[in-house]
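K.L.:
So that we are looking at the same thing, I have put the structure below in structure tokens.
Residue numbers (mature numbering (1 follows the signal peptide of the UniProt record, and there is no 0)): -23 to -1, 1 to 245.
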């Protein structure tokens, strides 16, 4: 079963929708182990390859072109919709703060008011997951999504004609295990910010259904900081972006703090 699925929509398409302090949460043993074995050094070519493969395209496309950069060009305000599991709400608060802390040039923060939010994180029991998809995308599209992708968590966004993301929605099931919930939440919230294409050809990114991390790993921090560098604009083509990447990556490298993992043999 695919861990996660991303959808991209146009302004008129199927999505019919009109950094504070980190919350204290305990890290799971699986996440701790993943951090300790995380690869943290990459060549420029490895980072640029991953950026081009995730920032362009879409794993599942409802409408519109996907050969342009898609990103928020305005502050992002996150509303958590669902109060049945206070522990899950606290985890989303932590994840939002963590992402905001690690992406320069992105104004990302929680809001208590749904009316002012442009990124909604919907927390639902697994039994209500399909109903939530139908509510957001309609019965016909929900049936196609379920048949084609069989997701267990989901995200999508609505963009305007300039490829600026105007509104994102994330659906997460609250009754998964701790690690699966964290893994889904990080990936879906990050992909709702723009890099919506999954790829199996990049083994270091969580934007690969074969890779589970459960935290904001070093490689994906490179990708997200490139995307939200002011020189990368919504609507840019691959040919416009590619010449800018060496200089942007040099600046990004100077700002990213790399976690020093213990030197251990790779587990089998």
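Every residue gets a Cβ at the ideal spot worked out from N, C-alpha and C, and that includes glycine.
Quick caveat: nothing in here was measured; it's all calculated off a predicted structure.
Do residue 182 and residue 200 have their CB atoms nearer than 8 Å?
P.N.:
Yes.
K.L.:
Is there contact here, the region 225 to 236 with the region 48 to 66, by at least three beta-carbon pairs under 8 Å?
P.N.:
As far as the Cβ criterion goes, the region 225 to 236 does not touch the region 48 to 66, which means the pair count is below three.
K.L.:
To test your reading of the DSSP string, which unbroken beta strand (DSSP E) runs of 3 or more residues are found completely within the region 53 to 140?
P.N.:
For the region 53 to 140, whole beta strand (DSSP E) runs of length 3 or above, ordered along the chain, are 53 to 58, 85 to 87, 96 to 101 and 131 to 136.
K.L.:
Tell me the rounded alpha-carbon separation between residue 185 and residue 66.
P.N.:
Rounded to whole angstroms, residue 185 to residue 66 spans 25 Å at the Cα level.
K.L.:
Check whether the region 140 to 147 and the region 193 to 213 are in contact - that is, three or more C-beta pairs closer than 8 Å.
P.N.:
Yes, they touch.
K.L.:
What are the residues that DSSP puts in a beta bridge with residue 48?
P.N.:
Answer is 141, bridged to residue 48.
K.L.:
Please report the straight-line C-alpha distance between residue 121 and residue 130, rounded to a whole angstrom.
P.N.:
C-alpha separation (whole angstroms): 15 Å.
K.L.:
For residue 24, which option in 207, 178, 92 and 116 has the closest C-alpha, if you only look at C-alpha atoms?
P.N.:
If we check each option's Cα against that of residue 24, 178 comes out closest.
K.L.:
Which two residues bound the contiguous alpha helix (DSSP H) that contains residue 217?
P.N.:
Looking at the DSSP string, the run of the alpha helix (DSSP H) that includes residue 217 is 215 to 218.
K.L.:
So, under 8 Å CB-CB, residue 146 and residue 167 are touching, yes? Tell me the CB distance rounded to an integer number of Å.
P.N.:
Actually they do not touch by this definition, with Cβ atoms about 14 Å apart.
K.L.:
Let me know if residue 32 comes out buried or exposed under the rule of 16 or more other beta-carbons within 10 Å of its beta-carbon.
P.N.:
Buried, by the Cβ-count rule.
K.L.:
What would DSSP say about residue 150, mapped onto helix, strand or coil?
P.N.:
In this structure, residue 150 counts as strand in the three-state DSSP scheme.
K.L.:
Does DSSP put residue 27 in a helix, a strand or coil?
P.N.:
Three-state DSSP puts residue 27 in a helix.
K.L.:
Using DSSP with H/G/I as helix, E/B as strand and the rest coil, what is residue 233?
P.N.:
DSSP places residue 233 in coil when its eight states are reduced to three.
K.L.:
Evaluate contact between the region 190 to 204 and the region 69 to 81, counting only Cβ atoms and requiring at least three cross-stretch pairs below 8 Å.
P.N.:
Touching, yes.
K.L.:
Among 180, 195, 134 and 155, which has the Cα closest to the Cα of residue 165?
P.N.:
Cα-wise, what sits closest to residue 165 is 134.
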